[in-house]
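At position 145 of the sequence shown the residue is numbered 149 (the working numbering), and the sequence of numbers has no breaks.
All residues carry an ideal CB built from backbone N, CA and C; glycine is no exception.
These numbers come from a predicted model, not from an experiment.
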Amino acid sequence: MARSLLLLLGGAGLLGCCRPAASLDNGLGLTPQMGYSSWNDCGSTVNESWIKKTATYLIDSGLAAKGWTQVNVDEGWMLGRDATTHQPLEDRELFPSGMKALGEWIHAQEVPGKGKIMKYGLYTCRGPTQCSRPEYRNRCLHTGPNPPACTTPHPDGQCGCEGSQGYEEIDGRWFVEAGVDYLKEDSCSATQNHSGAFAQYAKMRDVLNSTGRAVFFSLCGWEPWYAPPDPVVGYAGGASLGNSWRIHGDGKNWGALSGAVNTMAVLTEFTGTGGYNDPDLLIGPWCGIDHDQSFCGQSDLQARTQFTLWALFPAPLLISQNMLTWSKYALETYSNEEVIKLNQEPGGVAAVRIAGDDLIGPTKPCADPEGRLNNCTNVWGRLLTQGNELAIAFVNNGPTSTEVHCDATCFGKIPQRPGTKLCAKGYKVRDLWSHASLPSTVGLNLSATVAGNGGQRLFRLAPLAQ
Ligand code: GLA
Numbered sequence: 005m006a007r008s009l010l011l012l013l014g015g016a017g018l019l020g021c022c023r024p025a026a027s028l029d030n031g032l033g034l035t036p037q038m039g040y041s042s043w044n045d046c047g048s049t050v051n052e053s054w055i056k057k058t059a060t061y062l063i064d065s066g067l068a069a070k071g072w073t074q075v076n077v078d079e080g081w082m083l084g085r086d087a088t089t090h091q092p093l094e095d096r097e098l099f100p101s102g103m104k105a106l107g108e109w110i111h112a113q114e115v116p117g118k119g120k121i122m123k124y125g126l127y128t129c130r131g132p133t134q135c136s137r138p139e140y141r142n143r144c145l146h147t148g149p150n151p152p153a154c155t156t157p158h159p160d161g162q163c164g165c166e167g168s169q170g171y172e173e174i175d176g177r178w179f180v181e182a183g184v185d186y187l188k189e190d191s192c193s194a195t196q197n198h199s200g201a202f203a204q205y206a207k208m209r210d211v212l213n214s215t216g217r218a219v220f221f222s223l224c225g226w227e228p229w230y231a232p233p234d235p236v237v238g239y240a241g242g243a244s245l246g247n248s249w250r251i252h253g254d255g256k257n258w259g260a261l262s263g264a265v266n267t268m269a270v271l272t273e274f275t276g277t278g279g280y281n282d283p284d285l286l287i288g289p290w291c292g293i294d295h296d297q298s299f300c301g302q303s304d305l306q307a308r309t310q311f312t313l314w315a316l317f318p319a320p321l322l323i324s325q326n327m328l329t330w331s332k333y334a335l336e337t338y339s340n341e342e343v344i345k346l347n348q349e350p351g352g353v354a355a356v357r358i359a360g361d362d363l364i365g366p367t368k369p370c371a372d373p374e375g376r377l378n379n380c381t382n383v384w385g386r387l388l389t390q391g392n393e394l395a396i397a398f399v400n401n402g403p404t405s406t407e408v409h410c411d412a413t414c415f416g417k418i419p420q421r422p423g424t425k426l427c428a429k430g431y432k433v434r435d436l437w438s439h440a441s442l443p444s445t446v447g448l449n450l451s452a453t454v455a456g457n458g459g460q461r462l463f464r465l466a467p468l469a470q
């Protein structure tokens with residue numbers, strides 16, 4: 005409600021000014037995107053055969069039938085630009101069939117019982133150059149028409165790989181011609197000034213809109229200011245520009261992702277049907293590549309906690325890890341339909357942090373030197389759309405397992421809809437990870453033991469008969 009009111013006000017601001025009210029109105033993002041992104045799995049050395057194997061795994065494992073249908077190629081596929089047409093040139097060594105043929109292949113895959121529901125995504129960057137990790141920088145072209153990219157060399161003196169700045173019209177149409185259902189646009193080497201960033205993203209949005217093909221537009225600007233409207237620069241908020249927008253830097257481990265959780269906590273009113281705050285990819289219990297160095301980011305437990313919170317927020321669910329060698333535990337994590345259902349609830353509202361404060365990373369002590377704060381635990385909650393049911397998650401970043409509570413004050417912070425109220429008598433409790441019913445609460449009081457170092461519990465609560 006608050007969000008639509010703000011969007012309306014933002015839109016009115018635009019109408020009152022000199023520009024037509026532009027907006028993203030592609031009918032997509034009714035629930036958050038679900039699927040795979042190559043970034044934390046492959047770094048920039050993503051290739052066609054890996055993408056095909058991964059898409060096949062999504063289907064064969066049953067994940068695609070549960071909603072994980074989006075297959076996104078991140079940075080690394082584009083070699084440069086054609087000297088005459090200035091259209092993107094694909095790296096044909098890594099993608100021998102080309103990007104359009106890869107899209108056709110993905111679209112042709114049959115998901116048992118569901119049909120051809122797989123979707124295809126590509127990546128670009130709104131700056132003159134992409135982020136260009138060293139491997140990629142050495143591989144992409146550095147001869148005309150690349151010179152624009154070479155005017156902003158990397159600190160080590162090498163040019164980056166060509167981005168979309170100034171080529172939005174050509175690139176947007178090229179992506180649509182390649183059959184994409186999804187475009188991620190990154191922000192490396194681009195202006196970080198609000199109105200400059202909004203204007204650049206608006207260019208790509210308008211090109212995509214003008215093609216008539218509905219393309220899910222995913223902004224990757226790493227800043228919380230993409231979410232709210234900003235009347236000073238005539239900005240109507242994230243949902244006017246894209247279907248999702250990154251609100252935080254890259255989450256390479258649970259510590260960094262705990263920071264994204266804190267950012268999410270102050271932006272929940274801006275997420276919802278049509279456009280979502282994006283706290284980054286589901287990195288899983290991964291050992292992946294960053295800056296061409298491999299390292300491990302999360303424990304199994306933390307990966308499950310990330311998925312739990314992202315599902316509850318609700319946030320984009322893009323698995324970005326090597327699924328081909330992952331554990332049974334990992335497959336079980338992302339196959340949990342009760343959790344997926346929270347994320348994909350039509351018209352689902354945002355969860356809010358109802359107890360605890362800024363979650364500190366699991367490697368830091370819970371109390372500050374004065375022994376003042378204990379921000380190792382969080383409780384997040386949300387009213388579901390049917391039956392006045394609630395979903396509540398507990399998180400513990402402390403070093404050891406602990407008892408977490410949600411009392412009447414905590415329950416009372418779950419926003420209600422007109423006509424709904426908490427059930428003072430209590431709730432039936434279902435544990436969404438053990439798939440078991442637990443004893444009902446007596447009144448508004450839920451307690452549970454939560455493992456340390458990024459453990460979680462997730463409950464669905466149904467009101468007791470009054
Ligand atoms: C940025 C983005 C990541 C990924 C890389 C590619 O860091 O935030 O998600 O796309 O660029 O270099």
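In this structure, DSSP gives V343 a helical state, which the three-state scheme calls helix.
M122 sits in coil when the DSSP states are folded into three classes, being neither helix nor strand. Spanning the alpha carbons of Q302 and Y124 requires a straight line of approximately 27 Å. Nearest to W226 by C-alpha distance, out of V454, L442, E189, is E189. Look at the segment 367-427 and you find these whole runs of beta strand (DSSP E), each 3 residues long or longer: 381-387, 394-400, 406-410. Per DSSP, the continuous alpha helix (DSSP H) segment holding K207 begins and ends at 198-215.
The DSSP-derived three-state label of M327 is coil.
Residue side-chain check: W226 places its Cβ nearer than 7 Å to a non-hydrogen atom of the ligand GLA. For P138, no beta strand (DSSP E) segment is defined; the enclosing uninterrupted segment is the alpha helix (DSSP H) at 138-143.
The straight-line gap separating the alpha-carbon atoms of H146 and D86 is approximately 12 Å.
If you check the CB distance, C165 and Q204 do not come in under 8 Å. For the options L313, D234, R141, A218, the alpha carbon positioned closest to that of S199 is the one of D234.
For A112 and T60, the gap between their C-alpha atoms comes out near 11 Å. Burial check for S324: the Cβ neighbour count within 10 Å reaches 16 or more, so the residue is buried. The secondary-structure analysis by DSSP pairs D254 with nothing; it has no beta-bridge partner.
Take the alpha-carbon of T453 and the one of F463: they are about 13 Å apart. About 16 Å separates the CB atoms of P36 and N340; that is not less than 8 Å, and the two are not in contact. Looking at the DSSP output, A452 sits in a beta bridge with V408. The C-alpha of Q460 lies about 37 Å from the C-alpha of A218.
Within the segment 39-79, the complete beta strand (DSSP E) runs of at least 3 residues fall at 74-76.
The continuous stretches of alpha helix (DSSP H) do not include D190, which lies in the beta strand (DSSP E) extending over residues 186-190. Closest in alpha carbon position to H90, among G131, S262, I174, is I174.
Inclusion of L436 and E342 in the CB contact set at 8 Å is warranted, their separation being smaller than that value. The beta carbons of V77 and L32 sit no closer together than 8 Å. For Y171, the three-state secondary structure derived from DSSP is coil. Annotation: the continuous beta strand (DSSP E) that includes I358 extends over 356-359. Shown here, W249 sits in a strand according to DSSP, grouped into three states. Inclusion of A264 and A307 in the CB contact set at 8 Å is not warranted, their separation being larger than that value.
A269 sits close to R357, with the two beta carbons spaced by under 8 Å.
For K432, the three-state secondary structure derived from DSSP is strand.
Separation of the CB atoms of N401 and G365 is rounded to 7 Å, and the pair is thereby assigned contact status at 8 Å. Annotation for R96 indicates a beta carbon at 7 Å or more from all heavy atoms of the ligand GLA. DSSP, reduced to helix, strand and coil, places E166 within a strand of the structure shown. Contact annotation: K56 and W109 have beta-carbon atoms nearer than 8 Å. A distance below 8 Å separates the beta carbons of G117 and A69.
The beta carbon of G255 sits closer than 6 Å to the beta carbons of L261, A264, D284 from its chain, once the five residues preceding and following it are set aside; these are given in chain order.
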